[in-house]
Amino acid sequence: MSKFTSGGYKKSLSYALQGLSVAYKSQRNYRFHLFVGFLAILGGIILNFKCIEYCVLILAISFVITAELFNSVIEFALDALYKNKYSKMVKMAKDLSAGVVLIAAMTSVLIGLMLFGRKLLIMFLY
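As numbered in our numbering, residues 11 to 136 make up the sequence shown, in order.
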């Protein structure tokens with residue numbers, strides 16, 4: 011067994027949870043997206059979402075959080091590889107990775123508008 015082998019499911023889960031903890035402690039945008047996701051789920055509860063609406067909402071939230079985690083992985087890896095020295099190529103990679111998060115977030119906002127918009131309009135107009 012190599013020193014990089016996970017060592018079983020419990021160990022793998024432990025590493026995954028440690029990674030999420032690192033993201034939570036070090037990434038402000040990750041915390042922001044978790045908070046907004048929590049508010050969206052709370053809004054779904056208040057507006058009595060159907061199961062399919064929750065599924066779409068959870069997929070949208072997961073899409074953004076996953077993109078944010080990949081963005082963090084790219085930033086950490088490039089910072090480690092280049093020892094935090096400036097590189098035009100590193101900047102381009104980080105900017106592209108941030109762009110992925112932006113597209114995920116904008117897509118999720120549109121999904122949120124579709125899920126919440128109609129219900130809120132009905133609620134306020136009647």
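Heads up, the beta-carbon is just placed ideally off N, CA and C, and yes, glycines get one too.
**OP:** Return helix, strand or coil for G17, following the three-state DSSP convention.
**Re:** What you label residue 17 is simply residue 7 of the sequence shown in a count that begins at 1. When DSSP states are grouped into helix, strand and coil, G17 belongs to the coil group.
Subject >> Reference I137, options K101, G17, F45, Y19, closest by Cα >> reply: The chain is shown from 11 up to 136; residue 137 falls before or after that span and cannot be answered.
Subject >> Between the CA atoms of I56 and R38 - distance to the nearest angstrom >> reply: Your numbering for residue 38 matches position 28 in the sequence shown. Your numbering for residue 56 matches position 46 in the sequence shown. Going from the Cα of R38 to the Cα of I56 covers about 27 Å.
Subject >> Where N58 falls, given that 16 or more other Cβ within 10 Å makes a residue buried >> reply: Along the sequence shown, one-based indexing puts residue 58 at 48. Counting Cβ neighbours within 10 Å, N58 comes out exposed, since fewer than 16 surround it.
Subject >> Rounded distance between the beta-carbons of V100 and Y92, thought under 8 Å >> reply: Within the sequence shown, residue 92 is the residue found at index 82, counting from 1. Within the sequence shown, residue 100 is the residue found at index 90, counting from 1. About 5 Å; that satisfies the 8 Å criterion.
Original post:
Regarding A26 and the ligand ADP, is the C-beta to nearest heavy atom distance less than 6 Å?
Top reply: Questions concerning the ligand ADP fall outside what the structure shown contains, since it holds no ligand whatsoever.
Original post:
On the three-pair Cβ rule with 8 Å, is the stretch 119-129 touching the stretch 59-78?
Top reply: yes
Original post:
What did DSSP end up calling F126 once you bin it into helix, strand or coil?
Top reply: Mapped onto the sequence shown, residue 126 falls at position 116. Helix at F126.
Original post:
Looking at C-alpha atoms only, which residue of L52, A33, H43, L23 is the closest neighbour of E85?
Top reply: Within the sequence shown, residue 85 is the residue found at index 75, counting from 1. Nearest option by C-alpha distance: A33.
**OP:** Use the C-beta contact count for I75: other C-beta atoms within 10 angstroms, 16 or more gives buried, fewer gives exposed.
**Re:** In the sequence shown, counting from the first residue as 1, residue 75 sits at position 65. Answer is buried; the Cβ neighbour count reaches 16.
**OP:** Count the other CB atoms, across all protein chains shown, that sit within 10 Å of the CB of A87; report buried if there are 16 or more and exposed otherwise.
**Re:** Within the sequence shown, the letter at position 77 stands for residue 87. The residue in question, A87, is exposed, as its Cβ has fewer than 16 Cβ neighbours within 10 Å.
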